[in-house]
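Report on the following structure.
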Amino acid sequence: MTAETLDVLDEEDPRAKRSRRDLQRVHRVMGTRSIVGRALEAMLASRPAQAPLRILELGAGDGTLMLRVAQRLSVGSPDVELTLLDRQDLVTRETVECYARLGWKALGYKKDVVDWGRENSFERPGLASDRWDLIITTLFLHHFETSQLVSLFEGISASTERFFACEPRRGWLALLGSHVIGALGVNAVTRHDAVLSVHAGFRDQELRSLWPARGIQWQVGEFQAGLFSHCFRAQRVGGE
Ligand SMILES: C[S@@+](CC[C@H](N)C(=O)[O-])C[C@H]1O[C@@H](n2cnc3c(N)ncnc32)[C@H](O)[C@@H]1O
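Residue numbering for the sequence shown follows this note's numbering, starting at 422 and increasing by one per position.
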């Protein structure tokens, strides 16, 4: 797998900063905010409205995509804690303050997800601090090889009640879109990474086939969303 340019550039590199801003434009065209918002509302609907909600986003980048989701989301809970994990330190104080205005307690967490997956690959029923009501990722899983995804899914499934991922769809329409993405005025890094992302994207039931069962019953689904996205969701059966 070829590494995306954004992954190897220093976080302060002006090309990386610009590409991260481009990503917000790309998300608008992909309709990511509404895809994620709809999925989360459906997955969280069965919870008691006032129960505290702990969310972990993996590969969260600067946290602004989830902020735009949160601004439209009706989760009911007055007590939402959001941890934004990324191997780069990208979440600004302004972004944290925007979350705070919504009543969400957001926290940037600098960590490589491979290490996180390794540390969380077994069930720890007693450790409430390591458990999440929901783990979410966007434009992230396609960075990893199949064997890494298997390990990561072990960690995710051992740590959460629900998991949702929204990734690039590997298909001709998304590939076409990635080749003409320059029309959005994005920089060379974004143009290059967009094509790689689609090639590394997912289709059919590819993610579902990697999800571990481990004696736990999961309700899983994998589906196309919008023109360019491919989503996977998993929810424990009989969970809270
Ligand atoms: C394409 S960006 C997506 C950011 C955000 N999820 C979004 O959709 O706007 C991918 C993010 O994954 C992060 N990343 C890549 N490999 C990682 C790893 N091994 N551990 C943690 N974060 C990683 C990068 O730093 C980057 O912020």
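Where is the CB? At the ideal position from N, CA and C, for every residue including glycine.
- DSSP, reduced to helix, strand and coil, places E502 within a strand of the structure shown.
- With a 10 Å radius around the Cβ and a threshold of 16 neighbouring Cβ atoms, P589 comes out buried.
- Looking at the DSSP output, F585 shares a beta bridge with I557 and R654.
- If you check the CB distance, W525 and A491 come in under 8 Å.
- Put simply, of H651, A609 and V641 the residue whose alpha carbon is nearest the alpha carbon of L430 is A609.
- Here the segment 627-636 makes no contact with the segment 456-463; the two share fewer than three CB pairs at distances below 8 Å.
- L523 is bridged by DSSP to nothing; it lacks a bridge partner.
- Judged by their CB atoms, I577 and F585 are not nearer to each other than the 8 Å cut-off.
- Rounded to the nearest angstrom, the gap between the Cα atoms of W639 and L555 is 14 Å.
- Here R591 really is in contact with H620; their C-beta atoms are around 7 Å apart, less than 8 Å.
- Taking each of W553, D614, R439 and A646 in turn and checking the Cα distance to T453, the smallest one comes out for A646.
- The beta carbon of A615 is closer than 6 Å to those of S599 and I602 in its chain, skipping five residues each way along the sequence.
- The nearest non-hydrogen atom of ligand 1 is 7 Å or more from the C-beta of L562.
- Annotated three-state conformation of W632 is coil, per DSSP.
- With a cut-off of 8 Å on Cβ pairs, the segment 501-520 is in contact with the segment 528-537, counting three or more such pairs.
- Per the coordinates, the alpha-carbon of E566 lies some 11 Å from the alpha-carbon of V535.
- Within the same chain, M487, L505 and I557 come within 6 Å of E478 by CB-CB distance, once the 5 residues on both sides are set aside.
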